[in-house]
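Here is the structure we will look at.
Number of protein chains: 2
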Amino acid sequence: MFLLNKSFYLSILGTKITSMINVNEYFEGAVKSLAYTTIQGRSTIGVIEKGEYEFGTSSHETMTVIEGALQALLPGEQEWQTFTNGQSFEVEANTSFKVKTNVQSSYLCTYK
Amino acid sequence: MFLLNKSFYLSILGTKITSMINVNEYFEGAVKSLAYTTIQGRSTIGVIEKGEYEFGTSSHETMTVIEGALQALLPGEQEWQTFTNGQSFEVEANTSFKVKTNVQSSYLCTYK
Numbered sequence: 001m002f003l004l005n006k007s008f009y010l011s012i013l014g015t016k017i018t019s020m021i022n023v024n025e026y027f028e029g030a031v032k033s034l035a036y037t038t039i040q041g042r043s044t045i046g047v048i049e050k051g052e053y054e055f056g057t058s059s060h061e062t063m064t065v066i067e068g069a070l071q072a073l074l075p076g077e078q079e080w081q082t083f084t085n086g087q088s089f090e091v092e093a094n095t096s097f098k099v100k101t102n103v104q105s106s107y108l109c110t111y112k
Numbered sequence: 113m114f115l116l117n118k119s120f121y122l123s124i125l126g127t128k129i130t131s132m133i134n135v136n137e138y139f140e141g142a143v144k145s146l147a148y149t150t151i152q153g154r155s156t157i158g159v160i161e162k163g164e165y166e167f168g169t170s171s172h173e174t175m176t177v178i179e180g181a182l183q184a185l186l187p188g189e190q191e192w193q194t195f196t197n198g199q200s201f202e203v204e205a206n207t208s209f210k211v212k213t214n215v216q217s218s219y220l221c222t223y224k
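Read top to bottom, the protein sequences are chains R and E.
For the first sequence, position 111 (counting from the first letter as 1) is numbered 111 according to the working numbering, and the numbering increases by one without interruption.
If you want the working numbering, it's the 1-based position in the second sequence plus 112.
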């Protein structure tokens with residue numbers, strides 16, 4: 001055991017804490033998200049700029065619109081569906097889906 | 113009018129888009145948020161690490177828990193109140209309030 005001076009301790013603590021909420025950016029910053037963990041598993045919350053985007057999945061995802069509106073073209077579907085505040089859609093692992101929006105929109109994504 | 117080459121155009125576009133979703137960090141990265149705008153006004157979504165924090169307000173805020181649980185000590189109150197998924201509390205402008213949590217928690221904050 002040894003004593004650390006306060007600034008060294010805060011530096012370690014700061015580094016540790018900073019790494020626990022990961023900031024991710026996609027599509028030149030047009031999509032940004034914050035990653036964290038709950039007792040149910042991994043989650044991200046994010047914001048999507050106006051535009052159209054294609055995402056790949058490595059695990060099962062449930063996306064819920066927080067604010068705004070997302071249109072989603074889900075795997076195997078021919079038609080875009082619209083999801084607004086509180087509405088969700090699910091996407092299986094190892095596939096891809098498209099999302100488009102006309103307004104800045106926020107979402108929750110949970111993984112399993 | 114003049115033509116821009118594609119990479120220059122993307123560089124301009126990238127810069128513009130990047131500035132539209134602002135990433136904010138507080139308390140050495142223990143609280144991180146993404147700021148955006150809806151037709152109702154300004155919003156942020158954020159994640160809070162385990163710990164206790166004091167926030168000041170410059171405008172009226174409505175905070176809604178997305179996942180996890182927040183305890184809040186609101187202005188003028190003596191007792192901490194607990195808020196979980198989907199539950200909200202409001203804070204007036206130009207005051208301060210405390211939040212604590214035992215688990216990584218996500219929130220939506222809307223301003224008016």
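Glycine is no exception: its CB is placed at the ideal position from the N, C-alpha and C atoms.
- Item | Nearest-angstrom Cα separation, counted from R:K112 out to R:G76 | 21 Å
- Query: Would you report the Cα separation of R:F27 and R:G46, rounded to the nearest angstrom?
  - Reply: 13 Å
- Query: If we count Cβ pairs, one from each stretch, closer than 8 Å, do we get three or more for the region 199-217 of chain E versus the region 165-176 of chain E?
  - Reply: yes
- Using a cut-off of 9 Å between C-beta atoms, extract the partners of E:E179 located in chain R. Y36, T38, Q40, S43, I45, L108, T110
- Under the three-state reduction of DSSP, which class applies to E:G188: helix, strand or coil? coil
- Message: DSSP three-state label for E:F139, please.
- Response: helix
- Name the two residues that bound the continuous beta strand (DSSP E) containing E:V215. Per DSSP, E:V215 belongs to no beta strand (DSSP E) and is neither H nor E.
- Item | 9 Å Cβ cut-off: residues of chain R touching E:Q216 | M20, I21, Y36, T37, T38, S43
- Query: Taking DSSP as the reference, what is the three-state secondary structure of R:N5?
  - Reply: A caution first: R:N5 carries a pLDDT of 36, below 50, which makes its placement in the model unreliable, though a value can still be read off. It is coil, neither helix nor strand.
- Item | Within 9 Å, strictly: CB atoms of R:A35 and R:I21 | yes
- Message: Looking at chain R, is there any beta carbon in it that lies within less than 9 Å of the beta carbon of E:I129?
- Response: Only weak support is given to the placement of E:I129: the predicted model assigns it a pLDDT of 42, under 50, and the value that follows is read from those uncertain coordinates. It does: the Cβ of E:I129 has a partner Cβ on chain R nearer than 9 Å.
- Where R:E49 sits in the DSSP three-state scheme: coil
- Where the region 68-100 of chain R meets chain E: residues whose CB sits under 8 Å from a CB there: G68
- With a Cβ-Cβ cutoff of 9 Å, do R:S106 and R:E67 count as a contact? yes
- Message: By the three-class DSSP mapping on this structure, what secondary structure does R:T82 have?
- Response: strand
- Message: Please classify R:T110 as buried or exposed, where buried requires at least 16 neighbouring CB atoms within 10 angstroms.
- Response: buried
- Item | Beta-carbon proximity check, R:L70 vs R:K100, cutoff 9 Å | yes
- Item | Listed by chain order, chain R residues near E:E161 by CB distance under 9 Å | I17, M20, I21, Y36
- If you measure from the beta carbon of E:Y121 to each beta carbon in chain R, is any gap under 9 Å? Because the pLDDT at E:Y121 is just 40, under 50, the model does not fix this residue reliably, and the point stays unresolved.
- Quick one: using the 10 Å Cβ neighbour count with 16 as the cut-off for buried, is R:Q104 buried or exposed? buried
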